[in-house]
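Notes follow once the structure below has been shown.
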Amino acid sequence: MAVTAFLSLGFLLKGNMGNVNEIHMLPLARQYAEPTWVPGDWYYNEPTGYRLLFVALFGHLTAAWGFLATSIIGRLIYYTLISSGLVFLGRKLGISLLSLLVGIGLFLFVNHYQGMVAQEWLVGGVEPKSFAYSFLFFAICLMLGGQYRLMALMLGLAASFHVLVGAWAFLAVAGWLLWRRRKDFVDISYLGSVLLIYLVASGFAILPVLQQLFIRVPSNSIEPSYLFVFVRHPHHVNPLSWDSDWWLLPLVYLLVLAISWFLLKRQQQSEQSSPQHIARRSLAEFTLITLIPFVLGLAIAPFDTQGKLLQYFFFRLGDIMLPLNACLLLVCALEQTFIGSKQRLFSLFCILLLSIACSILSVNFYQSLLALTQFPSKEQGVEPEWQDMCTWIKTHTPHNTLVISPPVEFVNFTWLTERPTIAKFRFVPSVSASLAEWYERLSDLSGDINPWPSKDNKKDKRSEIRQALTTGYYSLQTSQVESLMLKYQANYLVTRTQHQLELPIAYQNSLYTFYQRN
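Taking this note's numbering, the leading residue of the sequence shown gets 728, the next gets one more, and so forth.
Here's what the structure looks like:
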């Protein structure tokens, strides 16, 4: 409960339905459970893909209780799961609750993105990978304890919630078991039962894998993998787009891991076979194994010009496991080093750190709580004029009428107005076959401006793309808007007041104008 409370203090009310993936994951869940909600929206009616289990579990809750309640309840559920896994792991390592909280705090708050360089995160908004990571920690604990059937169940559930998190976790666990525990699987029937449990538990991952492997994209269209890797997600999957000094933080965490292991080994020389020492060594080894895909991704990046391999997030697991496990093993090593009369001093130091952290987090929590009384508000990117416009659209336009809206701004448009729109740069389809249409729709919304970078440029150009898309949209002429309305069967367009068109105005306030078709 203490770990859950600590996570909740920091993240439970932070940016609910704001600048987190909840802003499209929860509407996807509602649309799955309530198909009549926005049946005309292209993105929210795409195949669920790897998100099926998540949207099936949270769809009816979202439809019944709304987005804010579902965000809070969903976060509480997965914070409880992930806290339980971390406490379970802490016990395996022999870490006290105080030290565990300090280790978790170091991981969460020292680095803004939690991950090292690929901007992966562990604790934040509720989405499929949140639960995948939660089950992964249980799997790691069960792996260390030799409970392989339950481990397979947890790994399978991780894959069912998020196929890539689950797949990389399975490969890392399998790699460590082949290295250290091969003798535990000499019984073929036992190995078969473990694999069968994994396959059954990962059943929700099978269809998206088959779709990814066997659904073909027309050869005359742009490669979906190129769009995914180099246009939309270079910060996650393309190391050529990272800052030139990106390697510093991984090096620091590797040094922390090495120093921690050195201290632990020095303190435990007389207890080489103790369960805690074996678990610590095993976790360090497992952490290094999770870096193998990371290194492979670095090796293939210069040659994978279309992103066909990089799209599979080689950096995801190592980006989280190295900093987290380095922090856990560090506090474990310090706790083992400060023994006897120094133990009380170390405990007081931990209490001081946690007191400072909790004081700061409590202030932020209170401010977020006050902000939520006005939900949606600035934390969700909703200013009063935009709320006014969305309320008018929701109450004065026919249900399911498509509204043309900016391709970058107002990503909250659909869940605020309950009206479909054409496309958003942020919302990428989960099925590769739909990426070409996403590209076409955004190109249409940018008018005469070509927002896309040269294919030879592998840097992170998302800021330039967003700017070009936005400039293009606000430069659309009346004839272009009429063509868009005809192509997408739209009757309305929302824009800023500075963007003037020769179309009837249905509604206007000080910042926004809502045009209707002639």
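Note that beta-carbon positions come from the ideal geometry of N, C-alpha and C, so glycine has one too.
What residue does the alpha helix (DSSP H) around residue i start on, and which one ends it?
{"i": "THR1224", "result": "No alpha helix (DSSP H) contains THR1224, which DSSP labels as neither H nor E."}
{"i": "MET881", "result": "875-888"}
{"i": "ASN1091", "result": "1068-1099"}
{"i": "ASN772", "result": "From DSSP, ASN772 is part of no alpha helix (DSSP H); its letter is neither H nor E."}
{"i": "GLU1110", "result": "It is not in any alpha helix (DSSP H) - GLU1110 carries neither H nor E in the DSSP assignment."}
{"i": "ILE822", "result": "Here ILE822 belongs to no alpha helix (DSSP H), and DSSP marks it neither H nor E."}
{"i": "ALA845", "result": "Taken as a continuous stretch (DSSP letters only), ALA845 belongs to no alpha helix (DSSP H), as it is neither H nor E."}
{"i": "LEU1046", "result": "Just to set this straight, residue 1046 is Asp in the shown sequence, not Leu. Taken as a continuous stretch (DSSP letters only), the alpha helix (DSSP H) holding ASP1046 covers 1043-1064."}
{"i": "ALA1150", "result": "Note, ALA1150: premise wrong, no alpha helix (DSSP H); not H, not E."}
{"i": "THR1197", "result": "1189-1200"}
{"i": "PHE957", "result": "It is not in any alpha helix (DSSP H) - PHE957 carries neither H nor E in the DSSP assignment."}
{"i": "TYR980", "result": "975-994"}
{"i": "TRP792", "result": "779-792"}
{"i": "ILE942", "result": "Per DSSP, ILE942 belongs to no alpha helix (DSSP H) and is neither H nor E."}
{"i": "PRO1178", "result": "Unbroken run through PRO1178: none, as it is neither H nor E."}
{"i": "PHE738", "result": "729-738"}
{"i": "SER1033", "result": "Before going further, note that residue 1033 is Gln rather than Ser in the sequence given. Looking at the DSSP string, GLN1033 is not in any alpha helix (DSSP H), and its letter there is neither H nor E."}
{"i": "PHE1021", "result": "1002-1027"}
{"i": "GLY742", "result": "No alpha helix (DSSP H) contains GLY742, which DSSP labels as neither H nor E."}
{"i": "THR1141", "result": "1140-1144"}
{"i": "SER971", "result": "First-last for SER971: undefined, no H or E at that position."}
{"i": "TRP764", "result": "Counting along the chain, TRP764 falls outside any alpha helix (DSSP H), and DSSP gives it neither H nor E."}
{"i": "GLY872", "result": "855-872"}
Any idea if residue i is buried or exposed, counting beta-carbon neighbours within 10 angstroms, 16 or more meaning buried?
{"i": "PRO1111", "result": "exposed"}
{"i": "SER1157", "result": "buried"}
{"i": "TRP792", "result": "exposed"}
{"i": "ASN1177", "result": "exposed"}
{"i": "THR763", "result": "exposed"}
{"i": "MET728", "result": "exposed"}
{"i": "LYS1188", "result": "buried"}
{"i": "VAL892", "result": "buried"}
{"i": "TYR917", "result": "exposed"}
{"i": "TRP906", "result": "exposed"}
{"i": "ARG1168", "result": "buried"}
{"i": "PRO935", "result": "buried"}
{"i": "ASP1171", "result": "buried"}
{"i": "PRO951", "result": "buried"}
{"i": "GLY919", "result": "exposed"}
{"i": "ASN1052", "result": "buried"}
Answer yes or no: do residue i and residue j have a C-beta to C-beta separation smaller than 8 angstroms?
{"i": "TYR777", "j": "LEU755", "result": "no"}
{"i": "PHE888", "j": "PHE781", "result": "yes"}
{"i": "GLN1243", "j": "LEU1228", "result": "no"}
{"i": "ILE1213", "j": "PRO1134", "result": "According to the sequence shown, residue 1213 is Leu rather than Ile. Not closer than 8 angstroms, so no."}
{"i": "PRO1103", "j": "MET878", "result": "no"}
{"i": "TRP988", "j": "ALA1011", "result": "yes"}
{"i": "ASN1139", "j": "ILE750", "result": "yes"}
{"i": "ALA790", "j": "ARG757", "result": "yes"}
{"i": "LEU835", "j": "SER798", "result": "no"}
{"i": "PHE1040", "j": "VAL927", "result": "no"}
{"i": "TRP973", "j": "VAL837", "result": "no"}
{"i": "LEU816", "j": "PHE864", "result": "yes"}
{"i": "VAL814", "j": "VAL730", "result": "yes"}
{"i": "LEU1129", "j": "GLY872", "result": "no"}
{"i": "TYR1239", "j": "ARG1223", "result": "yes"}
{"i": "GLY742", "j": "ALA760", "result": "no"}
{"i": "ILE915", "j": "VAL850", "result": "no"}
{"i": "GLY1034", "j": "PHE955", "result": "yes"}
{"i": "SER1173", "j": "TYR1200", "result": "yes"}
{"i": "LEU1088", "j": "LEU736", "result": "yes"}
{"i": "ILE1269", "j": "TRP769", "result": "The question about residue 1269 has no answer, for the chain in this structure spans 728 to 1245."}
In terms of DSSP beta bridges, what is residue i paired with?
{"i": "GLN1243", "result": "TYR1219"}
{"i": "ILE1131", "result": "LEU1220"}
The beta strand (DSSP E) spanning residue i covers which residue range?
{"i": "ALA1233", "result": "1232-1235"}
For chain C, find out if any of its Cβ atoms is closer than 8 angstroms to the Cβ of residue i; answer yes or no.
{"i": "ASP911", "result": "Looking for chain C here will not work: only one protein chain is present."}
Quick check: is any heavy atom of the ligand PLP less than 7 angstroms from the C-beta of residue i?
{"i": "TYR759", "result": "The ligand PLP is absent from the structure shown, which contains no ligand whatsoever."}
* If you pair each beta-carbon of the stretch 1153-1172 with each one of the stretch 1084-1094, do three or more pairs fall below 8 angstroms? -> Touching, no.
* Asked: So does the stretch 1015-1024 actually touch the stretch 1033-1047, counting three or more Cβ pairs closer than 8 angstroms?
  -> Short answer: they touch.
* Does the pairing of the stretch 978-989 with the stretch 1062-1076 give three or more beta-carbon distances under 8 angstroms? -> Three or more beta-carbon pairs separated by less than 8 angstroms are not found between the stretch 978-989 and the stretch 1062-1076, which leaves the two stretches without contact.
* Asked: Three or more beta-carbon pairs under 8 angstroms between the stretch 965-979 and the stretch 803-811, yes or no?
  -> Two segments are said to touch when three or more pairs of C-beta atoms, one from each, lie closer than 8 angstroms; by this definition the stretch 965-979 does not touch the stretch 803-811.
* Are the stretch 881-896 and the stretch 927-939 touching by the rule of at least three beta carbon pairs closer than 8 angstroms? -> Contact holds: three or more Cβ-Cβ distances are below 8 angstroms.
* At least three beta-carbon pairs within less than 8 angstroms, the stretch 1135-1152 to the stretch 1117-1124 -> Yes: at least three Cβ pairs fall under 8 angstroms.
* Quick check: the stretch 1047-1063 against the stretch 820-834, are there 3 or more CB pairs under 8 angstroms? -> Inter-segment contact for the stretch 1047-1063 and the stretch 820-834 is present: three or more beta-carbon pairs are separated by less than 8 angstroms.
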